[in-house]
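The next block holds one structure in the form of structure tokens; read it before the comments.
Protein chains: 4
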Amino acid sequence: MRDIGIGLIGSGYIGKTHAIAYNAHGSVFGGKAKLACRTLAEIDETRAEEAANALGFENSTSDWRSLLADDAIDVIAIATPNALHKDMTIAAIEAGKHVYVEKPLALDTAEANQIIAALEARTDPEQPLVHMLGYNYLCNPIISTIKAMIDAGELGEIIHFRGRHNEDYMANPDVPFNWRCSKASAGTGTLGDMGSHIISMAMHLVGPIASLCGDTDIVVPKRPDETGAPRAVENEDQAQAIVRFASGTMGALETSRVALGKKQGLAFEIVGTKASLEFDQERMNEVRLYEGSGAPGRSGFKTILVDTSCPDFAAFCPAPGHGLGYNDLKIIEVDRLLKAITEGARVPVDLYAGREIERVIDTWVLSAQERRWIDVGRL
Amino acid sequence: MRDIGIGLIGSGYIGKTHAIAYNAHGSVFGGKAKLACRTLAEIDETRAEEAANALGFENSTSDWRSLLADDAIDVIAIATPNALHKDMTIAAIEAGKHVYVEKPLALDTAEANQIIAALEARTDPEQPLVHMLGYNYLCNPIISTIKAMIDAGELGEIIHFRGRHNEDYMANPDVPFNWRCSKASAGTGTLGDMGSHIISMAMHLVGPIASLCGDTDIVVPKRPDETGAPRAVENEDQAQAIVRFASGTMGALETSRVALGKKQGLAFEIVGTKASLEFDQERMNEVRLYEGSGAPGRSGFKTILVDTSCPDFAAFCPAPGHGLGYNDLKIIEVDRLLKAITEGARVPVDLYAGREIERVIDTWVLSAQERRWIDVGRL
Amino acid sequence: MRDIGIGLIGSGYIGKTHAIAYNAHGSVFGGKAKLACRTLAEIDETRAEEAANALGFENSTSDWRSLLADDAIDVIAIATPNALHKDMTIAAIEAGKHVYVEKPLALDTAEANQIIAALEARTDPEQPLVHMLGYNYLCNPIISTIKAMIDAGELGEIIHFRGRHNEDYMANPDVPFNWRCSKASAGTGTLGDMGSHIISMAMHLVGPIASLCGDTDIVVPKRPDETGAPRAVENEDQAQAIVRFASGTMGALETSRVALGKKQGLAFEIVGTKASLEFDQERMNEVRLYEGSGAPGRSGFKTILVDTSCPDFAAFCPAPGHGLGYNDLKIIEVDRLLKAITEGARVPVDLYAGREIERVIDTWVLSAQERRWIDVGRL
Amino acid sequence: MRDIGIGLIGSGYIGKTHAIAYNAHGSVFGGKAKLACRTLAEIDETRAEEAANALGFENSTSDWRSLLADDAIDVIAIATPNALHKDMTIAAIEAGKHVYVEKPLALDTAEANQIIAALEARTDPEQPLVHMLGYNYLCNPIISTIKAMIDAGELGEIIHFRGRHNEDYMANPDVPFNWRCSKASAGTGTLGDMGSHIISMAMHLVGPIASLCGDTDIVVPKRPDETGAPRAVENEDQAQAIVRFASGTMGALETSRVALGKKQGLAFEIVGTKASLEFDQERMNEVRLYEGSGAPGRSGFKTILVDTSCPDFAAFCPAPGHGLGYNDLKIIEVDRLLKAITEGARVPVDLYAGREIERVIDTWVLSAQERRWIDVGRL
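The listed protein sequences correspond, in order, to chains A, B, C and D. Heads up: the first sequence begins at 3 in the working numbering, then just goes up one per residue. Heads up: the second sequence begins at 3 in the working numbering, then just goes up one per residue. Heads up: the third sequence begins at 3 in the working numbering, then just goes up one per residue. Heads up: the fourth sequence begins at 3 in the working numbering, then just goes up one per residue.
If you want it as structure tokens, here you go:
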């Protein structure tokens, strides 16, 4: 089997995570299909060349469009700021490449609709195009076990989901105004950045969100720009919502970039009629499970460590509790991509699911403006 | 100083907690003012006599109204089912007794308004009447320290409060229909029972709630009645709301009686601009504090155990970390009552504050029905 | 039934704990037998009178020997510094009173032997004398559940016990020299103070200690005396030992009064062939249990909260997880005393068991001096 | 700069971990020096070829000695069962290759001495030979921060170290007899396997161990052999010791392969005169720190998550709390190797330190046999 050639656009924080995953994937999963790091595109020649060298790519370019015409490249991986996602994704689709876009898919639902339109205009059943979003938290083996528990009915009926993704990287008011504070560059604030993660998790585990009533808040109204002058922050620092899933299940969601003390604060609690469970990404190798069937004096939340019964874990290590790290989730995600291309497997979040997340975010913002419940489907 | 005579109505779960507190109070706080357990009223003579004997009361009666005319009784303590609170409280007020009512104050705001009307009709500035509600979780020394931190500005501006009081005592659908499931007996379901606790805590720490958008849910629609026949549950098993405090602070509240795994699940997280903190009543002798001023690599949530720097703690034990129990909170609450009577000190929750909690609950229920934000003041 | 009259010697930290327990006991346990707080003895008249008033005793005295001749007093409760235990205990025995001595029993095994000699010289089968030591941690309902699990074989064979009781109240080298630092007043240092607690727990749960190899250490060699001059500390600040129980089980023990961060650091871990468990007194209302019979991916340490399946708990509260406090353990201990007197029930630690604890301590000290394993029975 | 060629012997559990690290290293650390996976040696041709293909090696061989003569190979990495370490390591040294041996160095001190003899016989100052043992837990960024804290005096004087490495992979008595149960193949049991990890950690953080008194125990005396017949286990299932470090610091060590519930149970607690800290590999991205300088009511163990202030962490991710996994520690270890080769940097554990660990183990075993304290230096 030919190697799967990767063309990566962007070598920042998440671009590097991609590169580590592409390089490690083969020795972890050891399958026949291999990934080849072909070309890295960056904003200028120097940066591109340095990044390609550091991250193990064969070639570099300052022209990301050149990847589209390169026959050695099968996948366009997009790890750029959000405002660039739409055009790059559409271009990749139109070039017939598989696309692997970092979350969030786009600045808003309108952009997401344009992407879907491009996808639907093009799709050729004989040459299926794989499209996947980078929501790597969903690839955690412990999350896969949680999902398997839910699917098998171990929790009974899910009656409540409470989730949040809070961090504190903007808690200090002296953190300068940056692209994430601008509507033009980032769309929403914490909602697109981290809110999208907890929304994707909620939907992954409990299904579509039918309606919500949300609230948003700017905590630090002005931040210093590059000259030190105060500049108005244009999008929310924190947001919360109560929701109803399509299943009727109640839920509550929250996200913040100013929540002092939280570093990778994606966490959720699920209450079922047979069992409840709790997860916190800051302790990503464990889940806390309470089984309602226990005897008095012998029941309690059980802290279960990841082990080889969890999907994908055994590829990393045969020993239980020898935990994975943040970067390992990307290796699993890359394996999902590879299996989608080579075996037609499903991906955790495709472009349609990515658009659905945008819809929830836009509904949330609108609901906060209008102070009322809104059905997600209406957008 | 004359002893303060107590007349207690009700000897169930919470009535017994009262009795333990009255008996232990003297040796814990050791002040000059003493409490005397005068008369215990119960539903019939036998039960009253047995309870008085077991709980250390001098006399017993099956006629609670007889306490009103007894000069040896200074305080009417009401530890009966919710539907009885209103009449007993009004009678006590009219008899010129201090009143100590278990939470929640009443079945709804309308009843609470009647109580306040009685209070205002009667109040004689020369004979001030102490009125206090039994929201004992507020009396925890760790909570007092948290409140002191907030008042001193250690947390900076509070930007988010998330709280819940979830338990699982009704999670099993085989738990029979009982008075708590009936609107006539209990008013609301989990909202009045446990929701009132987290509301009282939110207001104690962050101030009045200005507006909210709530949702409620019946998870177990029918429960077996005494014959085993299914009977429709009349009030909510779980409820959630997003709120705005009068200060503008965002908040989220939740309560459930069907949350598998939670036993005394009153918990909250407060995010401030200078520090954040987390509390869980299931580990009631500790608070987790994150101070934003810490150095990189030296910052984290600090698990602080109760010690003598916490108000009231030293009365129990001079040694740090030698934790208090649930019943000890009632001993402190009783001390608040005593100090209000003998020194004119403020109580944690008086009848006005108790009514405010009813207002929040009623607003929540109405908001869930009408699926919209409602200002609390409008009720 | 006549009330059981208590004569208490000492009103310091632990004396007050006694008083709270005597006063609260009736309303908690509600049995027919009642305790009566007769007389409190203190070092001078004023202090005795103040303490009796504050702590709810009928009478006061500066002459503890006067309690011995008082027919209204059934129990002599000894809550004085360690060096006074021996003479008071012997006097009580000789006066035919029940004795309730705070731990540790004496300064060393030699003193303990004198006490046992007095007991054996006197004991009259027709007038059985109850003797109990105050090792209140053993009375925790969660500990009773742990013991019941062990006795029922739920843990299988116990193969390892690791325990410690560490605190930090002497960690600061500026803490002055006090009676606990003196061999004459306290005997050992942390061994008698807190080591005795973890030894009593180990023996309570795993049985007699057969042999050990111990080590001791003075961390702060000199402390300021009352004039501020440095005075040599005479006994150990920290100590550790490896042991073998009579059952053959391996164990490790540790105690420290200079372990920064530990406030009530009595904790242990037990490994069995069927299950393991962990307990920490700083979270005294929970036990962590790992059952070996669990399925892969569903096994983990379960945090079990105290509930009514735990012995004694229901007397305090019918609701699970509504935890007890440090003082509540004394209420249970007092109930053990009462049941021993009125029903002939066994006490958790009697004088013989108390002497055994002294033997372990003395063996530990000797082993540290001679740097070798020593059989406990040889002392 | 020329790539550093790796010849790896062994492709089991730990051999695969090596391969993942070699492949990922470049994109993580991005330096100029690169590693090249040249040849993988396994026990037969088929297995070697399959492993080389799966793990990303250029060539394969069933003759590990062929690596010694290969000029393209700079480093011999030895990931074979313990009994093979000695001969392979000596051969590598004699061939002038850098050696990277998995722990433990050898079956006992005698073997380790032979290795050191070969090293000293050979060493040529003009062609320095790098020798490193695979004790990857020491490479954890959080451990590096802990070490930095200690070196900077943040803990004050260390007065106690308690450590253990307990797992439960042999807890089930039905686990068959395997090479780890045999003295000839494995030397010691849990001591060499996991005990060596906690010993290496203790020495890394607190310095050399001067003397100890140890105990060992076989819990499951017989295990089924390949025919199902019972076969006597030849080495210890669990072991404990009290130690004194060369600094005079007290310590306690423990290791077990039958400790139900522990999966990667390397954990330790360090008490210092200024601060204390606690670490547990099962939550490897955090350390709990108690600073003695805190104010009353504001002091507690702080849970600090890994961040970019921790050495090596930033190479993986710029965001705090985005934790590393078990395999990532190997990537850091490989970077240590590379920097030792290319920059002359020190390695965490070289052959001398590896021998010292064997000495401690052998002293422990001897001490258990003779039931006395033994100075480590005497072996």
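Note that the Cβ used here is the ideal one computed from N, Cα and C, for glycine as well.
Requested in this report: Using alpha carbons as the reference points, say which of S29/B, S13/B and D5/B lies closest to C319/B.
Outcome: For C319/B, the nearest C-alpha among the options comes from S29/B.
Requested in this report: Please name the residue or residues paired with Q242/D in a DSSP beta bridge.
Outcome: D217/D and E256/D
Query raised in the report: What does G302/B touch in chain D if you count any residue whose Cβ is under 7 Å from its own?
Result: Chain order gives the chain D residues near G302/B as K304, T305, I306 and L307, where near means a beta carbon separation below 7 Å.
**Report entry** Given V158/D as reference, the closest of P175/C, A269/C and I201/C once Cα atoms are compared
**Finding:** With the sequence shown as reference, residue 158/D is identified as Gly, and Val is not the correct amino acid for it. Measuring from the Cα of G158/D, the nearest candidate turns out to be P175/C.
**Report entry** Proximity below 8 Å, CB of I80/D to CB of L69/D
**Finding:** no
Query - Secondary structure of I75/D, DSSP reduced to three states - result: coil
Report task. Could you give the DSSP three-state label for S62/A: helix, strand or coil? Result -> Strand.
Query - Where M172/C sits in the DSSP three-state scheme - result: coil
Query raised in the report: Is it right to say A241/C is buried, meaning 16 or more other beta carbons lie within 10 angstroms of its own, or is it exposed?
Result: buried
Report task. In angstroms with no decimal places, state the Cα-to-Cα distance between C39/C and G58/C. Result -> Roughly 7 Å between the two C-alpha positions.
Query raised in the report: According to a CB-to-CB cut-off of less than 8 Å, which residues of the region 311-325 of chain A neighbour chain D?
Result: F318, C319, P320, A321, P322, G323, H324 and G325
Query raised in the report: So which of W375/B, W366/B, F163/B and Q283/B has the shortest CA-CA distance to D110/B?
Result: W366/B
Query raised in the report: How about D309/A and P322/A: are their beta carbons less than 8 Å apart?
Result: yes
Query - C-beta contact flag for T41/D and S13/D at 8 Å - result: no
Query raised in the report: Counting Cβ pairs, one atom from each stretch, are 3 or more of them under 8 Å apart for the region 323-330 of chain D and the region 279-295 of chain D?
Result: yes
Query - Collapsed DSSP secondary structure at T190/A in the structure displayed - result: coil
Report task. Using 10 angstroms around the beta-carbon of T190/D, count the other beta-carbons present and answer buried if the total reaches 16, otherwise exposed. Result -> buried
**Report entry** DSSP three-state assignment for E156/C, whether helix, strand or coil
**Finding:** coil
Report task. If I'm right that G216/A touches A370/A with Cβ under 8 Å, what's the distance once you round it to whole angstroms? Result -> 5 Å
Report task. Evaluate the contact criterion for the region 347-361 of chain B versus the region 42-51 of chain B: three or more CB pairs, one atom per stretch, below 8 Å. Result -> no
**Report entry** Where the region 97-130 of chain D meets chain C: residues whose CB sits under 8 Å from a CB there
**Finding:** none
Report task. Report yes or no: is there a C-beta of chain D within less than 8 Å of the C-beta of I22/A? Result -> When Cβ-Cβ separations below 8 Å define contact, I22/A makes contact with chain D.
Query raised in the report: Is the Cβ-Cβ distance between L340/B and I6/B less than 8 Å?
Result: Cβ atoms of L340/B and I6/B: closer than 8 Å.
Query - Coarse secondary structure for F224/C, derived from DSSP in three states - result: One point to set straight first is that residue 224/C is Lys, not Phe, in the sequence displayed. Note: K224/C maps to strand in three-state DSSP.
Report task. Please report how far the alpha carbon of E280/A lies from the alpha carbon of A23/B, in whole angstroms. Result -> 36 Å
Query raised in the report: Who pairs with V289/B in a beta bridge, going by DSSP?
Result: I306/B
Query - Among T19/C, R124/C, I144/C and I359/C, the one whose alpha carbon lies nearest that of L307/C - result: Out of T19/C, R124/C, I144/C and I359/C, I144/C has the C-alpha closest to the C-alpha of L307/C.
**Report entry** Under 9 Å from the C-beta of G294/C: neighbouring residues of chain D
**Finding:** What G294/C touches in chain D, judged by beta-carbon distance under 9 Å, is D170, A173, N174, L262 and G263, going in chain order.
Query raised in the report: Does the distance from the CB of I201/B to the CB of I363/B come in under 8 Å?
Result: In this structure, I363/B lies closer than 8 Å to I201/B by Cβ.
**Report entry** Of the listed residues S311/D, M196/D, G155/D and A243/D, nearest to N168/D (C-alpha basis)
**Finding:** N168/D has its Cα closest to that of M196/D, out of S311/D, M196/D, G155/D and A243/D.
Requested in this report: Please decide whether G155/B counts as near chain D, where near means a Cβ-Cβ distance under 8 Å.
Outcome: no
Requested in this report: Could you name the residues of chain D that G299/B contacts, counting a contact when the two beta carbons are closer than 8 Å?
Outcome: T147, I306, D309, S311 and C312
Query - Interface flag, L57/C vs chain B, CB-CB below 8 Å - result: yes
Query raised in the report: Residues bridged to S38/D by DSSP?
Result: Position check: residue 38/D holds Ala in this sequence, whereas Ser was assumed. Beta-bridge pairing links A38/D to G7/D.
Requested in this report: Kindly list the residues whose CB is nearer than 6 Å to the CB of E113/A, restricted to its own chain and excluding five residues on each side of it in sequence; keep chain order.
Outcome: Annotation for E113/A: K88 place their beta carbon closer than 6 Å to its own, counting only its chain and skipping 5 residues before and after.
Report task. Return the CA-CA distance between Y171/C and Y15/C, expressed in angstroms with no decimal places. Result -> When only Cα atoms are considered, Y171/C and Y15/C end up about 14 Å apart.
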